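These notes concern the structure reproduced below.
Protein chains: 2
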Amino acid sequence: FVRLENVTRTFPMGEVDVRVLRGVTASIPRGCVTAIVGESGSGKTTLLNLIGGIDRPSDGRVIVGGTDLVKLSDRELTFFRRNRVGFVFQLYNLIATLTARENVMTAAELVADAATPDEALSLVGLDGFGDHFPGQLSGGQQQRVSIARAIAKRPELLLCDEPTGALDRETGVRILALLQTLNERQGVTIVLITHSRPIAALAHRVLSLEDGIVRSVRDSKNP
Amino acid sequence: FVRLENVTRTFPMGEVDVRVLRGVTASIPRGCVTAIVGESGSGKTTLLNLIGGIDRPSDGRVIVGGTDLVKLSDRELTFFRRNRVGFVFQLYNLIATLTARENVMTAAELVADAATPDEALSLVGLDGFGDHFPGQLSGGQQQRVSIARAIAKRPELLLCDEPTGALDRETGVRILALLQTLNERQGVTIVLITHSRPIAALAHRVLSLEDGIVRSVRDSKNP
Ligand SMILES: Nc1ncnc2c1ncn2[C@@H]1O[C@H](COP(=O)(O)OP(=O)(O)OP(=O)(O)O)[C@@H](O)[C@H]1O
Ligand SMILES: Nc1ncnc2c1ncn2[C@@H]1O[C@H](COP(=O)(O)OP(=O)(O)OP(=O)(O)O)[C@@H](O)[C@H]1O
Ligand SMILES: [Mg+2]
Ligand SMILES: [Mg+2]
Numbered sequence: 001f002v003r004l005e006n007v008t009r010t011f012p013m014g015e016v017d018v019r020v021l022r023g024v025t026a027s028i029p030r031g032c033v034t035a036i037v038g039e040s041g042s043g044k045t046t047l048l049n050l051i052g053g054i055d056r057p058s059d060g061r062v063i064v065g066g067t068d069l070v071k072l073s074d075r076e077l078t079f080f081r082r083n084r085v086g087f088v089f090q091l092y093n094l095i096a097t098l099t100a101r102e103n104v105m106t107a108a109e110l111v112a113d114a115a116t117p118d119e120a121l122s123l124v125g126l127d128g129f130g131d132h133f134p135g136q137l138s139g140g141q142q143q144r145v146s147i148a149r150a151i152a153k154r155p156e157l158l159l160c161d162e163p164t165g166a167l168d169r170e171t172g173v174r175i176l177a178l179l180q181t182l183n184e185r186q187g188v189t190i191v192l193i194t195h196s197r198p199i200a201a202l203a204h205r206v207l208s209l210e211d212g213i214v215r216s217v218r219d220s221k222n223p
Numbered sequence: 001f002v003r004l005e006n007v008t009r010t011f012p013m014g015e016v017d018v019r020v021l022r023g024v025t026a027s028i029p030r031g032c033v034t035a036i037v038g039e040s041g042s043g044k045t046t047l048l049n050l051i052g053g054i055d056r057p058s059d060g061r062v063i064v065g066g067t068d069l070v071k072l073s074d075r076e077l078t079f080f081r082r083n084r085v086g087f088v089f090q091l092y093n094l095i096a097t098l099t100a101r102e103n104v105m106t107a108a109e110l111v112a113d114a115a116t117p118d119e120a121l122s123l124v125g126l127d128g129f130g131d132h133f134p135g136q137l138s139g140g141q142q143q144r145v146s147i148a149r150a151i152a153k154r155p156e157l158l159l160c161d162e163p164t165g166a167l168d169r170e171t172g173v174r175i176l177a178l179l180q181t182l183n184e185r186q187g188v189t190i191v192l193i194t195h196s197r198p199i200a201a202l203a204h205r206v207l208s209l210e211d212g213i214v215r216s217v218r219d220s221k222n223p
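Here the protein sequences line up with chains F and U, keeping their order.
Be aware that the first sequence starts at 1, since it is given in my numbering, and climbs by one per residue.
Be aware that the second sequence starts at 1, since it is given in my numbering, and climbs by one per residue.
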């Protein structure tokens, strides 16, 4: 579903160039759960942003569903993201001046056949918190609003940057069960960055990032 | 070192009152590592903010080193925090317009005998990242700048809100070893909120928050 071909991403910083991704070649199988693992600072978020069309590579190609994202205009890229990709950000990226419900609504209302905000909030265990502003929510609750916002629009591709990082084990298990249901029943292709070994073990494929490239690919026995 | 006596904290929200802490009574032993655990939304961050004097209880007393924080003026509270408490925030709270080095410096420069920013950054594995702005750092790197900022001022009391939440296992282990060194060699009293069972197991005392009160206190065999 997603193919990365010799993708590089370099950040210029004054006189120095920070070469984060140095030729990543990998593929994300359709309808599967793929985990991306690697040390802090290894480039996982950078890679996810390229897959989701939030950033452009310095070189190489990012091909999603047959479309080379590099060839799309900014406007086409925005359209692609809005309709086909759900993104759970590492730092949630909620709008501070909108309630939880409104944060979910802004993502969903542009998409036909979306879940209602209250349905999405309920799925992540946040019944009754729809009127709280982000500043009136705990860290793990903000993370879950970010998840609700991403799933409400029923995307084909769900990109999750450490979606259970702020959650206790019990709540995290429920969120993972929700993601697995989306994958198994609705065929959603899921890519998730995780630092947790048990979570990576649930994935069909695990990509390990190290020194700017995919160091290893591991596929689990269940397809 | 810290005593909480029947502490309550309620947040008014329109017509409804959110009663988060409902009579917390507990103590944080001097020179020990105390972990606070509990579900997402159970009130851990709220409790830590009260201990650190960042927030005031609705009722009850927070006594640190013999001083009832409730009796201090805002100005005295600010002085107490600045000199005696190091705080690692759940969402890092870095200043976006200052570099990593400057973020650490602002906390340390007001305190005599502080570590230099570069020393602190080196201790958390961020050698060479001093010139990056927060927006040019990964999530786990931002978290570590937040830690460097808290420890640079050599506080008596170090309050850490999920200090390894964004870190891979290896980096997290190094940060915990650093915290344990501060505790064992410098006698720093540490309170850390964590969702991780192995991390809580390293603490001398574990406080479990549930339904707004301390449901259980567990002390480990090593004092
Ligand atoms: N705008 C930027 N300018 C310079 N360097 C950057 C920029 N953005 C990211 N970096 C660097 O790129 C590297 C990879 O960052 P990235 O956020 O992708 O890491 P990560 O694997 O997601 O880490 P973590 O697990 O800590 O979230 C880091 O070393 C970071 O400092
Ligand atoms: N300003 C506020 N107004 C209303 N409710 C609030 C406010 N701040 C926090 N809350 C509520 O208080 C409860 C506890 O929040 P807190 O941040 O202390 O939880 P936590 O235990 O740290 O959770 P997490 O593990 O998710 O970080 C949550 O249910 C939250 O929605
Ligand atoms: Mg990241
Ligand atoms: Mg919290």
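Where is the CB? At the ideal position from N, CA and C, for every residue including glycine.
No experiment lies behind these values; they were computed from the predicted model shown.
Only Gln-136, Leu-137, Ser-138, Gly-139, Gly-140, Gln-141, Gln-142, Gln-143 and Arg-144 from the segment 133-156 of chain U bring a Cβ to less than 9 Å from some Cβ of chain F. By the Cβ test, the segment 88-98 of chain U is not in contact with the segment 57-66 of chain U, since fewer than three Cβ pairs between them sit closer than 8 Å. Note that the segment 19-28 of chain F does not touch the segment 172-188 of chain F; fewer than 3 beta-carbon pairs, one per stretch, sit closer than 8 Å. Under the Cβ distance rule, Arg-205 (chain U) does not count among the residues neighbouring chain F, no pair being separated by less than 8 Å. With distances taken between CA atoms, Asp-68 (chain U) lies nearest to U:Arg-3 out of U:Arg-3, U:Leu-48, U:Val-85 and U:Leu-182.
Per DSSP, the unbroken beta strand (DSSP E) holding Pro-12 (chain F) starts and ends at 2-13. Bounds of the beta strand (DSSP E) holding Gly-23 (chain U) are 16-28. Every alpha helix (DSSP H) stretch that sits fully inside the segment 57-86 of chain U and reaches 4 residues is listed by chain position as 74-84. Proximity to ligand 4 was defined by a C-beta distance below 7 Å to any of its heavy atoms, and the residues meeting it, in sequence along the chain, are F:Ser-138, F:Gly-139, F:Gly-140, U:Lys-44, U:Thr-45, U:Gln-90, U:Asp-161, U:Glu-162 and U:Ile-193. Counting only runs of 3+ residues, the beta strand (DSSP E) found wholly inside the segment 107-189 of chain F occupies 157-161, in chain order. In terms of Cα proximity to Gly-140 (chain U), the closest of F:Met-13, F:Arg-30 and F:Thr-45 is F:Thr-45.
Using beta-carbon distances, Phe-11 (chain U) counts as an interface residue toward chain F, with a partner under 8 Å. Rounded to whole angstroms, Gly-41 (chain F) and His-195 (chain F) show a C-alpha spacing of 12 Å. Residue-level contact by beta carbon holds for Gly-165 (chain U) and chain F, with a gap shorter than 8 Å.
Within chain F, the residues placing a beta-carbon under 7 Å from that of Gly-41 (chain U) are Ser-138, Gly-140 and Gln-141, ordered along the chain. In this structure, Gln-143 (chain F) has its beta carbon at no less than 7 Å from each heavy atom of ligand 1. Look at Leu-209 (chain U) here: in three-state DSSP terms it is strand. Taking all protein chains in view, the Cβ of Met-13 (chain F) is surrounded by fewer than 16 other Cβ atoms within 10 Å, so the residue is classified as exposed. Gly-135 (chain F) has its CB nearer than 7 Å to a heavy atom of ligand 2. The alpha-carbon separation between Ala-203 (chain U) and Glu-170 (chain U) amounts to approximately 19 Å. In the structure shown, Thr-46 (chain F) falls within a helical segment according to DSSP collapsed to helix, strand and coil.
In the three-state reduction of the DSSP assignment, Ile-95 (chain F) falls in the coil class.
Taking 7 Å as the cut-off, the C-beta of Phe-11 (chain U) counts as close to a heavy atom of ligand 2. Contact check between the segment 110-117 of chain U and the segment 182-196 of chain U: fewer than three CB pairs, one atom from each, fall below 8 Å, which does not count as touching. By the beta-carbon neighbour count (other beta carbons within 10 angstroms, threshold 16), Arg-30 (chain F) is exposed.
If you draw a straight line from the Cα of Thr-164 (chain F) to the Cα of Gln-143 (chain F), it comes to about 8 Å. Checking the DSSP bridge columns, you'll see Ile-36 (chain F) partnered with F:Ile-193 and F:Leu-207. Val-85 (chain U) counts as buried, since no fewer than 16 other beta carbons sit within 10 angstroms of its beta carbon. Those residues of the segment 166-180 of chain U placed with their C-beta closer than 7 Å to a C-beta in chain F are Ala-166, Leu-167, Asp-168, Arg-169, Glu-170 and Thr-171, ordered along the chain. If you compare the alpha carbons of U:Arg-19, U:Ala-100 and U:Leu-209 with that of Leu-121 (chain U), the shortest gap goes to U:Ala-100. Bridge partners of Arg-215 (chain U) according to DSSP: none are assigned.
Thr-45: these are the residues of the segment 45-66 of chain F whose beta carbon lies less than 7 Å from some beta carbon of chain U, given in chain order.
Asn-103 (chain F) counts as buried, since at least 16 other C-beta atoms from the protein chains shown sit within 10 angstroms of its C-beta.
Between the beta-carbon of Ala-148 (chain F) and that of Leu-123 (chain F) there is about 7 Å, and that keeps the pair under the 8 Å contact cut. Between ligand 1 and His-132 (chain U), a heavy atom-to-CB distance of less than 7 Å is present.
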